[in-house]
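Worksheet: the structure to be examined is printed underneath.
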Amino acid sequence: MNPTDFIKQYAKHPTYKAPTGHQLNAKSWQTEAPLRMLLNNLDEEVAENPDQLVVYGGTGQAARNRENLEKIIEMLLELDDNHSLLIQSGKAVGVVRSHPEAPRVLIANSNLVPAWANWEHFEDLKSRGLMMFGQMTAGSWIYIGSQGILQGTYETFAACANTHFGGSLRGKLLVSGGLGGMGGAQPLAATMAGSVFLGADIDPKRIEKRLETRYIDKMTHRYTEARDWALEAMKKGENISIGLVSDIGDLLERLLADGIIPDILTDQTSAHDPVFGYVPNGLSLAEAEKLRLSDPQLYKQKSLKSMARHVGLMLDLKKRGSVVFDYGNNLREFARQGGESHSFDFKGFVPEYIRPLFCEGKGPFRWAALSGDPEDIYTTDHALMEAFPENKQLIHWLKQAREKIAFQGLPCRICWLGMGEREKAGLIFNDLVKSGKVKAPLVIGRDHLDCGSVASPNRETEGMLDGSDAVSDWPLLNLMSNTAGGATWVSFHHGGGVGMGYSQHAGMVVLVDGTERAEKCLRRVLHNDPAMGIYRHHDAGYEAATKVGERFDLLI
Ligand code: NAD
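Plus 280 on top of the position in the sequence shown (first one is 1) and you've got the working numbering.
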């Protein structure tokens, strides 16, 4: 389709919609797939703020600005399978010669030379139109709405239940802050895991969005109402979720004053960005918006101080019995900078609950149906249940997901699969497309939060056995292996999850179009990608990873 007509139909700012069905707009599925996924990231059902091209995670964008977005669309419509498009922080900057099994799009977002890698330098570049923040899956075009984080959150809460509560969260209270793009998965994950959930968000619109998508059950502006709903549900053993419009610190303070000690306490406010993410205590949303722009330095000071208070309250609740963990937003680091010297007295969720999964090459495998037809996802769900009958947890998840998850944008699914399982699933999906049981191609991708794709010392690589937390050769090797293997688009980002200076990570998405070419790429990519997790954890001295490495004959 000619770019002007296409943009009019699918990308009329701020209303973005991925095309659906089996008709191509681009020259092949290899370019149609990234085009659809880019637009899907910006679909108002998916993105937190399409007007600013913000997908999730504070300021995580899909493209640098409107003009650059339109250029990317135009390029993808025209690109053939012997070329690859280069994206630099959300801007199309060139096309290189390649071949049909090479990635069609090569993406680098938000990368800065280490000594310059801080928010101040980044914001300066951003204000001059030279960069954008890609978060993890925003700038790499494989964000799939809150479902993306839902299973990971569910797994974490379930692991926490197993570790501390004999496997059951019935009658237990889980408290957290932040109900945005990712944090919005917490209420549903918590109730799926069996607990009562009480979460605070300062922005009522964010909670309303969770109500619309059925991720949360109830909302109120009044603390006492939220508290009473929670206490009653705990007494009755009901698992309901409650969103309170409030600063999270204020909620914790009031719970402490009332002697209500959450069984589990964590946080997913956008603390990774103390200026454009976290809202300091005492400011209204409108005041925060104003101050961010008029005096970012003062805003940051207030934010850091607020985070120190917030973490101080978490530490008080920990002393009184709450199980407390950091949920990957770098809150502890900024609280430390704000004056809370004990902020690292609780651990992050990866060393606490997720690392054993990483040692098996497990991570957030996800896929989307480019047809737009939910039936295609149900067909893949069914195929996975047949392929992994022994995996009861997976089957339980897939059944619950079908029942409880409202699709946002293109229908998609996520489940954590490990070494061997990802390749098996990918090949099954390719056969489903080939046989026409699935009506149009699928794409398979994952979060950058994966077993072998990220260096993030306050999160995914916190407390590695050999102290190699900050070594970022690993995500670079992951990027290179996925490029060598023939993923359809690959990406390397800086700052996702925990903010500028604190992480580097790689992403990949691979097309499943039923062809032999796809089969070859899937065999390579879906082997190499989890194998990177095995290499990384085996090298760091994790016996569990060594065992999996031996089983799959990976070790050298
Ligand atoms: P988001 O920006 O969409 O949502 C953040 C929410 O926090 C917003 O709704 C905002 O109103 C709220 N908020 C900010 N300050 C607050 C305060 N003082 N009190 C109450 N609410 C406040 O971000 P997101 O996509 O939900 O991500 C949240 C954080 O989690 C980010 O730091 C992100 O990097 C991190 N994250 C963690 C994981 C993980 O696996 N654990 C994955 C992705 C992202």
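By construction, the Cβ of each residue, glycine as well, lies at the ideal position given by its N, Cα and C atoms.
(message) Suppose you measure from the CA of V376 to the CA of R572; what does that come to, to the nearest Å?
(response) Each residue's alpha carbon lies about 40 angstroms from the other.
(message) Please tell me whether V789 and A767 are closer than 8 angstroms, where the distance is taken between their beta carbons.
(response) Their beta carbons are under 8 angstroms apart, which means V789 touches A767 by this criterion.
(request) Establish whether the CB of H401 and some CB of chain C are separated by less than 8 angstroms. (result) The structure shown contains no chain C; it is built from a single protein chain.
(request) Run the proximity test for S456: is its beta-carbon closer than 7 angstroms to any non-hydrogen atom belonging to ligand 1? (result) Relative to ligand 1, even the nearest heavy atom lies 7 angstroms or more away from the CB of S456.
(request) State yes or no: is the C-beta of E742 nearer than 7 angstroms to some heavy atom of ligand 1? (result) No; taking the cut-off as 7 angstroms, the Cβ of E742 has no heavy atom of ligand 1 nearer than that.
(message) Let's see if you can read the secondary structure: which residues bound the beta strand (DSSP E) around I836?
(response) I836 -> no beta strand (DSSP E), and no H or E assigned at all.
(request) Helix, strand or coil for N389, going by three-state DSSP, please let me know. (result) Residue state, collapsed to three classes: strand.
(request) Leaving out five residues on either side along the sequence, give the residues of the same chain with a beta carbon under 6 angstroms from the beta carbon of E400. (result) So no residue of the chain qualifies.
(message) Does the beta-carbon of R486, which I'm using as the reference point, lie nearer than 7 angstroms to any heavy atom of ligand 1?
(response) Checking the Cβ of R486 against ligand 1 gives yes.
(message) For I260 and Q427, which I take to be in contact (beta-carbon distance under 8 angstroms), what is that distance rounded to the nearest angstrom?
(response) Here the chain comprises residues numbered 281 to 836, so residue 260 is not present and cannot be evaluated.
(message) Rounded to whole angstroms, what is the Cα-Cα separation between G775 and K515?
(response) Approximately 42 angstroms, taken between the alpha carbons.
(request) Quick one: measure Cβ to Cβ for L759 and A313, integer angstroms, because I've assumed they're closer than 8 angstroms. (result) With a Cβ gap of about 19 angstroms, L759 and A313 do not count as contacting.
(request) Would you mind stating whether I338 and S526 have Cβ atoms separated by less than 8 angstroms? (result) A quick correction: the sequence has Gly, not Ile, at residue 338. Not in contact: G338 and S526 (Cβ atoms no closer than 8 angstroms).
(request) May I ask you to list the residues that DSSP assigns as paired with R408? (result) Paired residue(s): none; R408 is not in a bridge.
(request) Could you work out which residue in N442, S715, C801 and L806 is closest to A382 when comparing CA atoms only? (result) Relative to the Cα of A382, the nearest Cα in the group N442, S715, C801 and L806 belongs to C801.
(message) Is M499 near ligand 1 - that is, is its Cβ less than 7 angstroms away from at least one heavy atom of it?
(response) Remark: the C-beta of M499 is outside contact range of ligand 1, defined as less than 7 angstroms to any heavy atom.
(message) Just list the residues that DSSP pairs S456 with in beta bridges.
(response) Looking at the DSSP output, S456 bridges to G479.
(request) Measure the alpha-carbon distance for L349 versus V335 and round it to whole angstroms. (result) Rounded to the nearest angstrom, the two C-alpha atoms are 13 angstroms apart.
(message) Is L678 near ligand 1 - that is, is its Cβ less than 7 angstroms away from at least one heavy atom of it?
(response) No, the Cβ of L678 stays beyond 7 angstroms of every heavy atom of ligand 1.
(request) Give me the Cα-Cα distance between A470 and M355, rounded to the nearest whole angstrom. (result) Approximately 42 angstroms, taken between the alpha carbons.
(request) With a 10 Å radius around its C-beta and 16 neighbouring C-beta atoms as the bar for buried, classify G592 as buried or exposed. (result) Counting Cβ neighbours within 10 Å, G592 comes out buried, since at least 16 surround it.
(message) In this structure, how does DSSP classify G829 when only helix, strand and coil are distinguished?
(response) It is helical.
(request) Report the option in D793, L386 and L405 whose CA atom is closest to the CA atom of A649. (result) Checked all of D793, L386 and L405; the closest Cα to A649 is D793.
(message) Going by C-alpha to C-alpha distance, which of H728, E823 and D809 sits closest to N389?
(response) Here the closest residue by C-alpha is H728.
(request) If I'm right that Q548 touches G409 with Cβ under 8 angstroms, what's the distance once you round it to whole angstroms? (result) Rounded, the Cβ-Cβ distance is 30 angstroms, inconsistent with contact.
(message) Between the stretch 607-624 and the stretch 804-815, can you find at least three pairs of beta-carbon atoms closer than 8 angstroms?
(response) Not touching, per the Cβ criterion.
(request) Kindly provide the ranges of any beta strand (DSSP E) runs that are 3 or more residues long and lie completely inside the stretch 771-832, ordered along the chain. (result) Correct list: 784-792.
(request) Can you tell me which of the three DSSP states E624 falls into? (result) Checking the sequence, you will find Phe at residue 624 rather than Glu. Secondary structure of F624 (DSSP, three-state): helix.
(message) Comparing C-alpha positions only, which one of R612, A510 and F645 sits nearest to H552?
(response) Residue R612 holds the alpha-carbon nearest to the alpha-carbon of H552 among R612, A510 and F645.
(message) Does the beta-carbon of H817, which I'm using as the reference point, lie nearer than 7 angstroms to any heavy atom of ligand 1?
(response) No; taking the cut-off as 7 angstroms, the Cβ of H817 has no heavy atom of ligand 1 nearer than that.
(request) Answer yes or no: the CB of M780 versus the heavy atoms of ligand 1, is any distance below 7 angstroms? (result) With a threshold of 7 angstroms, the Cβ atom of M780 does not count as near ligand 1, since no heavy atom of the ligand is closer than that.
(request) May I ask you to check if the CB of Y607 is nearer than 7 angstroms to at least one heavy atom of ligand 1? (result) Y607 has its CB nearer than 7 angstroms to a heavy atom of ligand 1.
(request) For my contact list, L678 and L664 are in at a C-beta cut-off of 8 angstroms; report their separation, rounded to the angstrom. (result) About 6 angstroms separates the beta carbons of L678 and L664, which is inside the 8 angstroms limit, making them a contact pair.
(request) Could you give the DSSP three-state label for H363: helix, strand or coil? (result) Note: H363 maps to strand in three-state DSSP.
(message) The alpha helix (DSSP H) that contains C440, what's its start and end?
(response) For C440, the uninterrupted alpha helix (DSSP H) run begins and ends at Q427 to H444, by DSSP.
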